[in-house]
Amino acid sequence: MSSEPRIRALTRLTEGQEIPFGGDRVACVSAELAAAFCEGDRLIVVQATGALLHIPASIDALVAGAVNDAVEAFTRLPSISDDQISDFFDRFAGALADDRRFAPIAEANEDDIAAAAAKGRSTTRLVLDDRMRADMVRGLQGWRDSSSRRGGVVRHVEHPDWVVEARRAPLGVVGFVFEGRPNVFADACGVVRTGNAVVFRIGSDALATARAIVAHALDPALRDAGLPIGTVRLVDSATHAAGHALFADDRLALAVARGSGAAVAELGAVASQCGTPVSLHGTGGAWMVAGRAAASDVLHRAVRHSLDRKVCNTLNVVVLLREHADALVPVVLAALDEAASARGTTGRLHVVEGSEPYVPAQRFARTVTVARAAGPRNEPWASSLDESGLATEWEWEGSPEITLVVVESVTDAITLCNRYSPRFVASLVSEDPAEVDRFDAEVDAPFVGNGFTRWVDGQYALDAPELGLSNWQFGRMLGRGAILSGDSVHTVRYRATIADHDVHR
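For the sequence shown, this note's numbering assigns the number 332 to the initial residue and increments by one for each residue that follows.
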């Protein structure tokens with residue numbers, strides 16, 4: 332009997348059908364999945380979890396078409412000059428800066444905001460206001476003016492009668508799935524600067540805005556600059572299946588995901604099991620520790636300036652030392668209250684069990700109105716949670732929200748941070764440089780500072796629009812910083828120039 336495996340197409344699923352995964356486990360097909368699955372559809376089994384992901388044939392074809400366009404564009408980009416790529420960024424920026432051309436984009440964004448609000452979903456990151464628009468224009472102009480180019484020499488080695496150069500080269504087609512933040516759509520086009528193509532899938536909340544950006548700014552810029560239209564492609568689908576189908580396409584050179592932690596982890600698993608390198612930007616939340624040499628006024632400003640809005644680098648956990656807790660808890664609470672007052676709301680406090688005595692009792696006794704994505708809610712001004720709650724990232728909408736814990740030493744604070752945080756942003760407020768240096772050496776995080784946490788941003792810190800920020804929750808990146816930017820998406824090729832052709836081994 333032949334030992335060759337017998338392979339046939341999956342045409343249907345039945346309720347309760349067992350699907351092997353992970354080598355020694357099975358997942359069972361639900362009634363809903365069995366009813367929805369049709370011949371021509373795809374089933375992806377996430378080997379890490381056993382999740383069964385259904386991709387309808389129509390979505391699979393839509394995504395495959397977008398990737399086809401990007402692959403074709405990538406093969407044509409070597410014949411496109413760097414000046415043409417600069418012209419693309421200039422035209423894209425100009426279209427967004429032009430009030431007449433931006434008007435339909437603003438209208439689409441207003442529709443997206445209204446639809447999200449009606450569903451009780453957060454709109455904090457969805458609003459394409461004047462500040463976000465200006466940041467998008469600046470970012471695109473930054474890529475226009477960037478010195479990053481294809482073929483840039485990163486190493487030069489001279490031998491007698493011959494030379495070897497290591498040069499930057501394009502990576503390929505980048506797949507990008509991200510949440511409803513319109514500015515990311517422009518930022519991620521930075522991969523084109525180094526000769527890559529990109530395929531996007533944006534969250535349903537911002538899909539109308541993305542369509543308008545494509546129609547009124549992006550596609551005209553590509554066309555007028557002479558770049559292949561497939562250089563930047565939007566997968567025009569609001570379904571999660573579109574993201575799964577994109578990350579399951581093994582023609583991607585890199586898969587980048589931004590959004591909520593669970594969704595990002597699942598997308599990363601889909602891409603990884605296809606052999607595609609991934610860059611995940613999901614769980615966030617910054618930690619701040621007040622050291623033994625912390626100045627109260629510096630701590631106040633650091634907390635206040637880390638709570639202006641909720642994004643991944645927003646302050647999430649504050650750790651105080653017991654010896655200074657009586658003096659510094661009021662400082663932290665005052666900064667929280669100021670941040671909330673600036674937003675016209677009331678702050679929300681969570682206190683780790685055992686640290687409650689340092690917080691005024693009226694905070695626990697009083698009920699306040701908290702601004703949530705689904706609308707105002709009456710909640711305790713402060714409440715207790717156990718130590719494991721330090722791992723919770725507070726996804727607040729209008730009311731700044733933090734966790735407070737009191738510990739014996741900075742060493743204890745570092746232990747908690749390394750155990751419960753996403754290993755992302757850590758700050759030690761201290762006037763003692765040696766204490767800051769010890770903290771930097773021992774805390775397991777890619778972003779370490781001595782003050783406010785919101786500095787962690789590609790454009791703000793490095794003057795380079797970012798594709799995303801990585802944490803160290805699942806390990807450290809190999810040979811790459813935790814800020815993923817367009818000019819860091821490249822590979823290296825080697826070019827030899829032989830001056831004496833009698834050279835031999």
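Glycine included, every Cβ here is placed at the ideal spot set by N, Cα and C. All values reported here derive from a predicted model rather than from experimental measurement.
If you measure between the beta carbons of residue i and residue j, is that distance less than 8 Å?
i           : j           : result
residue 799 : residue 724 : no
residue 470 : residue 790 : yes
residue 414 : residue 796 : no
residue 428 : residue 458 : no
residue 666 : residue 635 : yes
residue 357 : residue 370 : no
residue 345 : residue 365 : yes
residue 704 : residue 728 : yes
residue 641 : residue 510 : no
residue 820 : residue 485 : no
residue 387 : residue 372 : yes
residue 633 : residue 783 : yes
residue 542 : residue 400 : no
residue 405 : residue 504 : yes
residue 498 : residue 521 : no
residue 762 : residue 626 : yes
residue 411 : residue 558 : yes
To the nearest angstrom, report how far apart residue i and residue j are at their CA atoms.
i           : j           : result
residue 588 : residue 512 : 13 Å
residue 676 : residue 455 : 14 Å
residue 721 : residue 572 : 32 Å
residue 658 : residue 664 : 11 Å
residue 809 : residue 362 : 42 Å
residue 638 : residue 670 : 6 Å
residue 814 : residue 688 : 39 Å
residue 448 : residue 439 : 14 Å
residue 466 : residue 538 : 20 Å
residue 452 : residue 436 : 21 Å
residue 623 : residue 535 : 47 Å
residue 629 : residue 446 : 41 Å
residue 680 : residue 473 : 39 Å
residue 506 : residue 577 : 7 Å
residue 847 : residue 354 : Beyond the ends of the chain as shown, which are 332 and 836, falls residue 847; an answer cannot be given.
residue 432 : residue 548 : 7 Å
residue 338 : residue 817 : 41 Å
residue 781 : residue 741 : 14 Å
residue 613 : residue 598 : 11 Å
residue 424 : residue 515 : 14 Å
residue 738 : residue 719 : 15 Å
residue 556 : residue 562 : 12 Å
residue 426 : residue 590 : 27 Å
residue 490 : residue 502 : 28 Å
residue 545 : residue 430 : 16 Å
residue 807 : residue 832 : 44 Å
residue 673 : residue 607 : 44 Å
Only counting the same chain, and skipping five residues up and downstream in sequence, which positions put a Cβ closer than 6 Å to that of residue i?
i           : result
residue 712 : 694, 697 and 699
residue 384 : 375 and 575
residue 532 : 508, 566, 573, 574 and 577
residue 378 : 352, 353 and 604
residue 777 : 803 and 813
residue 827 : 495
residue 475 : 417, 420 and 421
Near residue i, what residues of its chain come up, given a Cβ to Cβ distance below 7 Å and the 5 sequence neighbours on each side ignored?
i           : result
residue 748 : 618, 757 and 774
residue 579 : 375, 601 and 605
residue 444 : 454, 457 and 458
residue 479 : 524, 525 and 818
residue 668 : 678
residue 692 : none
residue 402 : 504 and 582
Residue i bridges to which residues according to DSSP?
i           : result
residue 455 : According to DSSP, residue 455 bridges with nothing at all.
residue 351 : 357
residue 507 : 531 and 587
residue 825 : 497
residue 617 : 646 and 756
residue 709 : 700
residue 679 : 732
residue 612 : 589
residue 489 : 494
residue 375 : 384
Under 8 Å Cβ to Cβ from residue i, same chain only, skipping five residues before and after it: list those, please.
i           : result
residue 830 : 492, 493 and 494
residue 765 : none
Below 8 Å, can you find three or more Cβ-Cβ pairs linking the segment 745-758 to the segment 604-620? The way I'd put it, the segment 745-758 does touch the segment 604-620; three or more beta-carbon pairs between them come closer than 8 Å.
Contact between the segment 603-614 and the segment 514-526: three or more CB pairs below 8 Å? Per the Cβ contact rule, the segment 603-614 is not in contact with the segment 514-526 (fewer than 3 Cβ pairs under 8 Å).
Give a yes or no on contact between the segment 547-557 and the segment 576-588, applying the rule of three or more CB pairs nearer than 8 Å. Contact fails: fewer than three Cβ-Cβ distances are below 8 Å.
Taking contact to mean 3 or more Cβ pairs, one atom from each stretch, closer than 8 Å, check whether the segment 733-749 and the segment 763-780 are in contact. A contact between stretches requires three or more CB pairs, one per stretch, nearer than 8 Å, and the segment 733-749 meets this requirement with the segment 763-780.
Are three or more beta carbon pairs between the segment 725-732 and the segment 638-654 nearer than 8 Å? The answer is yes - the segment 638-654 touches the segment 725-732, with three or more Cβ pairs under 8 Å.
Is there contact between the segment 417-424 and the segment 386-401, where contact requires at least three CB pairs shorter than 8 Å? With a cut-off of 8 Å on Cβ pairs, the segment 417-424 is not in contact with the segment 386-401, counting fewer than three such pairs.
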